[in-house]
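Colleague: Sequential numbering from 8 applies to the sequence shown in my numbering. The C-beta atom is built at its ideal place from N, Cα and C for all residues, glycine as well. These numbers were taken from a predicted model, which means no experiment stands behind them. Attaching a single structure in structure tokens format; questions to follow.
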Amino acid sequence: MDRTYLDYAATAPLRPEAKAHMMELLDVFGNPSSIHAEGQLARNVLDASRRAVADIMGVRAERVVFTSGGTEANNIALRGFKNLSSSKTLLISSVEHDCVRNTGKALGAGELAVDETGVVKLDALQDELAKGYVGLVSVMHANNENGVIQPVEEIARLCRAAGVVFHTDAVQTVGHIPVEVDELGADMLSFAAHKFGGPKGAGVLILKSELDMQAMTTGGAQERNRRAGTENVLAIGGMATALQAAMEHMHAERALAEAMASALEAGVAGMTGVHLAGAEAVKLGHVRQLLIPAMKGDDVVIGMDMRGVAVSQGSACGSGRVKESHVLSAMGLQDMAGHAVRLSWGWDSRLADIDVAVEALGGVIGR
């Protein structure tokens, strides 16, 4: 059976440019902290990758901290700031990815409400900032379940006016839409390679120069004392190459993504009992969440899989477990929290994939 992969928001296939570069790097085995020739060869790859990422993100290279992925990058941002400013409280949105949500809970973070479309209520943020207890605000650039884009530029402006540090989880946007850290106004921004066609095991945290973040783990002085441990040169090199490829092809890939979104929306419009989450909000072109009240989301996912189409119920960071969506609950759609299906596409997708998915979905739900 031919397979149709529509779960790019969970992970994307490795881009051929990244794969080719990583094959070359398999022979670069030295430790980049070593001063001998083998170590310095690895250091050169690391430095070149850092410069490439920095150039794309519009920052100086010393602001780029390499991590093992988005989860670690987000943890360093939140925990590192809390260690530096224990008297101040964190504030996160109610629709964050679990790595921010659960870390925030562990650190006693407050929660920002969203409206019925999933967008942070700016008036509520202003009210909280005015109270003077907040030290860090973390709001994702775009949601991993429904693709809703947050007004991060305005959030950053409000935080800056209040003297509060702003972090954004840009895992779902980097490599898909233009993202420049300083244009967004973020003091910290995190992303992961495998979401845009890089390898798993590599991510980035970009820090404002004056933020002296503490490493979560003790050890060596790698990454300017911000992340101890030998860097994964192979994955980092692949990530930088994948990001360069994503930028090179972004115009065409965005156009295809938007066309696929339109085709999906048109395809399900005539299906009884299928609704689009966050329909009125501005969304990423490559992520759509469908609500199907008459069926459990996991039943739809299994049915689609049996028909050769890979979709998901939501976030994939749960060791295969299925849980109801806290994002939909935060949007006031508690009754729909267990009835959602996410479709997402990317660099290797085709417009015809949507036709296949719509046909499969119709078969699963009986139209």
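Roughly how many angstroms lie between the CA atoms of His333 and Ala149, to the nearest whole one?
Modeller: One-based indexing of the sequence shown puts residue 333 at position 326. One-based indexing of the sequence shown puts residue 149 at position 142. Cα-Cα distance, rounded: 15 Å.
Colleague: Would you mind stating whether Thr74 and Leu212 have Cβ atoms separated by less than 7 Å?
Modeller: In the sequence shown, counting from the first residue as 1, residue 74 sits at position 67. In the sequence shown, counting from the first residue as 1, residue 212 sits at position 205. Result yes, Cβ atoms of Thr74 and Leu212 sit closer than 7 Å.
Colleague: Quick check on Pro39: does DSSP put it in helix, strand or coil?
Modeller: Translated into the one-based positions of the sequence shown, residue 39 becomes position 32. Pro39 falls in the coil class under three-state DSSP.
Colleague: Is Lys290 helix, strand or coil by DSSP?
Modeller: Stepping through the sequence shown from its first residue, residue 290 is reached at position 283. Residue state, collapsed to three classes: strand.
Colleague: My guess is that Ala264 and Gly182 are in contact by the Cβ rule of under 8 Å, so how many angstroms apart are they, rounded?
Modeller: Along the sequence shown, read from residue 1 onward, the residue named residue 264 stands at position 257. Along the sequence shown, read from residue 1 onward, the residue named residue 182 stands at position 175. Incorrect: roughly 12 Å between the Cβ atoms, too far for contact.
Colleague: Under a Cβ-count criterion, where at least 16 other Cβ atoms within 10 Å of its own Cβ denotes burial, should Met176 be classed as buried or exposed?
Modeller: As a position in the sequence shown, residue 176 is number 169, starting the count at 1. Looking at the sequence provided, one finds Asp at residue 176 rather than Met. Answer is buried; the Cβ neighbour count reaches 16.
Colleague: Using a Cβ distance threshold of 8 Å, determine whether the region 299-317 contacts the region 162-172, with at least three qualifying pairs required.
Modeller: Judged by Cβ distances under 8 Å, the region 299-317 makes no contact with the region 162-172, as fewer than three pairs qualify.
Colleague: Shortest alpha-carbon distance to Asp9 belongs to which of Gly117, Met147, Val316 and Ala286?
Modeller: Within the sequence shown, numbered from 1, the residue matching residue 9 stands at position 2. Cα-wise, what sits closest to Asp9 is Val316.
Colleague: In the structure shown, what three-state DSSP assignment does Met267 receive?
Modeller: Against the sequence shown, residue 267 aligns to sequence position 260. Residue state, collapsed to three classes: helix.
Colleague: Taking the straight line between their C-alpha atoms, what separation do you get for Val66 and Leu53?
Modeller: For the purposes of this step, residue 66 is identified with residue 59 of the sequence shown, where counting begins at 1. For the purposes of this step, residue 53 is identified with residue 46 of the sequence shown, where counting begins at 1. Taking the straight line from one Cα to the other gives about 16 Å.
Colleague: What is the C-beta distance between Lys330 and Val155, in whole angstroms, given that I count them as a contact (C-beta under 8 Å)?
Modeller: Counted from its first residue, the sequence shown places residue 330 at position 323. Counted from its first residue, the sequence shown places residue 155 at position 148. That pair is no contact at about 20 Å.
Colleague: Confirm, please, whether the CB-CB distance from Gly210 to Ala113 is below 7 Å.
Modeller: Position 106 of the sequence shown, counted from the start, is the residue given in the question as residue 113. Position 203 of the sequence shown, counted from the start, is the residue given in the question as residue 210. No.
Colleague: In the structure shown, what three-state DSSP assignment does Arg86 receive?
Modeller: If you number the sequence shown from 1, residue 86 lands on position 79. Arg86: helix per DSSP, three-state reduction.
Colleague: Checking 7 Å against the spacing of the C-beta atoms, do Met311 and Ala347 come in under that value?
Modeller: Here residue 311 refers to the residue found at position 304 when the sequence shown is read from its first residue. Here residue 347 refers to the residue found at position 340 when the sequence shown is read from its first residue. Against a cut-off of 7 Å, the Cβ pair of Ala347 and Met311 comes out as no contact.
Colleague: State whether the region 28-44 contacts the region 239-255, with contact taken as three or more CB pairs (one from each stretch) at a distance under 8 Å.
Modeller: Because the criterion of three Cβ pairs below 8 Å is met, the region 28-44 and the region 239-255 touch.
Colleague: Roughly how far, in whole angstroms, is the beta-carbon of Ser322 from the beta-carbon of Asn151, given that I think they are within contact range, below 8 Å?
Modeller: What you label residue 322 is simply residue 315 of the sequence shown in a count that begins at 1. What you label residue 151 is simply residue 144 of the sequence shown in a count that begins at 1. Indeed, because the Cβ distance is near 6 Å, the residues count as touching under 8 Å.
Colleague: Look at the alpha carbon of Ala235 and the alpha carbon of Ala61, and state the distance between them as a whole number of angstroms.
Modeller: Counted from its first residue, the sequence shown places residue 235 at position 228. Counted from its first residue, the sequence shown places residue 61 at position 54. About 20 Å.
Colleague: With DSSP run on the structure shown, which of helix, strand or coil describes Arg22?
Modeller: For the purposes of this step, residue 22 is taken as the residue at position 15 of the sequence shown. DSSP places Arg22 in coil when its eight states are reduced to three.
Colleague: Just to confirm before moving on: does the CB-CB distance between Val144 and Gly77 stay below 7 Å?
Modeller: Stepping through the sequence shown from its first residue, residue 144 is reached at position 137. Stepping through the sequence shown from its first residue, residue 77 is reached at position 70. Contact: no.
Colleague: Looking only at its own chain, which residues have a Cβ that is under 8 Å from the Cβ of Met267, when we skip the five neighbours before and after it?
Modeller: Looking up residue 267 in the sequence shown gives position 260. Once the five neighbours on either side are set aside, the close Cβ partners of Met267 are Gly292, His293, Trp352, Ser356, Leu358, Asp360 and Ile361.
Colleague: Can you give the Cα-Cα distance for Ala49 and Met29, rounded to whole angstroms?
Modeller: Here residue 49 refers to the residue found at position 42 when the sequence shown is read from its first residue. Here residue 29 refers to the residue found at position 22 when the sequence shown is read from its first residue. If I take the Cα positions, the gap works out to 13 Å.
Colleague: Of the choices Gly369, Val126 and Leu214, whose alpha-carbon is the least far from that of Leu271?
Modeller: One-based indexing of the sequence shown puts residue 271 at position 264. Answer by Cα proximity: Gly369.
Colleague: Taking only the alpha-carbon atoms, compute the straight-line gap between Leu165 and Gly373 and give it to the nearest angstrom.
Modeller: Position 158 of the sequence shown, counted from the first residue, corresponds to residue 165. Position 366 of the sequence shown, counted from the first residue, corresponds to residue 373. Whole-angstrom Cα-Cα distance: 48 Å.
Colleague: Whose C-beta lies closer than 6 Å to the C-beta of Ala116 among residues of the same chain, with five residues either side of it excluded?
Modeller: Translated into the one-based positions of the sequence shown, residue 116 becomes position 109. Closer than 6 Å at the Cβ level, and outside the excluded window around Ala116, lie Leu97 and Ile99.
Colleague: By DSSP, does Gln341 sit in helix, in strand, or in coil?
Modeller: To locate residue 341, count along the sequence shown from 1; it is residue 334. In this structure, Gln341 counts as helix in the three-state DSSP scheme.
Colleague: Are there 16 or more other CB atoms within 10 angstroms of the CB of Ser197, so buried, or fewer, so exposed?
Modeller: Locating residue 197 in the sequence shown gives position 190, where the first residue counts as 1. Label assigned to Ser197: buried.
Colleague: What separation, rounded to the nearest whole angstrom, lies between the Cα atoms of Ala200 and Leu85?
Modeller: Here the question's residue 200 lines up with position 193 in the sequence shown. Here the question's residue 85 lines up with position 78 in the sequence shown. One C-alpha to the other measures close to 20 Å.
Colleague: Span of the beta strand (DSSP E) holding Ala177?
Modeller: As a first step, residue 177 must be located in the sequence shown, where it is residue number 170. From DSSP, Ala177 is part of no beta strand (DSSP E); its letter is neither H nor E.
Colleague: Mapping the DSSP letters down to three states, classify Val146 as helix, strand or coil.
Modeller: Numbered from its first residue, the sequence shown carries residue 146 at position 139. Reduced to three states, the DSSP call for Val146 is coil.
Colleague: Indicate whether Ala288 and Val146 have their beta-carbon atoms separated by less than 7 Å.
Modeller: For this step, residue 288 is matched to residue 281 along the sequence shown. For this step, residue 146 is matched to residue 139 along the sequence shown. Cβ atoms of Ala288 and Val146: not closer than 7 Å.
Colleague: Under the three-state reduction of DSSP, which class applies to Leu335: helix, strand or coil?
Modeller: Here residue 335 refers to the residue found at position 328 when the sequence shown is read from its first residue. Leu335 falls in the helix class under three-state DSSP.
Colleague: According to DSSP, simplified to helix, strand and coil, what is Val365?
Modeller: Stepping through the sequence shown from its first residue, residue 365 is reached at position 358. Looking at Val365 - three-state DSSP - the assignment turns out to be helix.
Colleague: With the cut-off set at 7 Å, would you say Ile42 and Leu250 are in Cβ contact?
Modeller: For the purposes of this step, residue 42 is identified with residue 35 of the sequence shown, where counting begins at 1. For the purposes of this step, residue 250 is identified with residue 243 of the sequence shown, where counting begins at 1. Their beta carbons are not under 7 Å apart, which means Ile42 does not touch Leu250 by this criterion.
Colleague: Identify whether Gln133 lies in helix, strand or coil by the three-state DSSP scheme.
Modeller: The sequence position of residue 133 within the sequence shown is 126, counting from 1. It is helical.
Colleague: For His104 and Ala16, I'd like the C-alpha separation in whole angstroms.
Modeller: For the purposes of this step, residue 104 is taken as residue 97 along the sequence shown, with counting starting at 1. For the purposes of this step, residue 16 is taken as residue 9 along the sequence shown, with counting starting at 1. Each residue's Cα considered, the two are about 12 Å apart.
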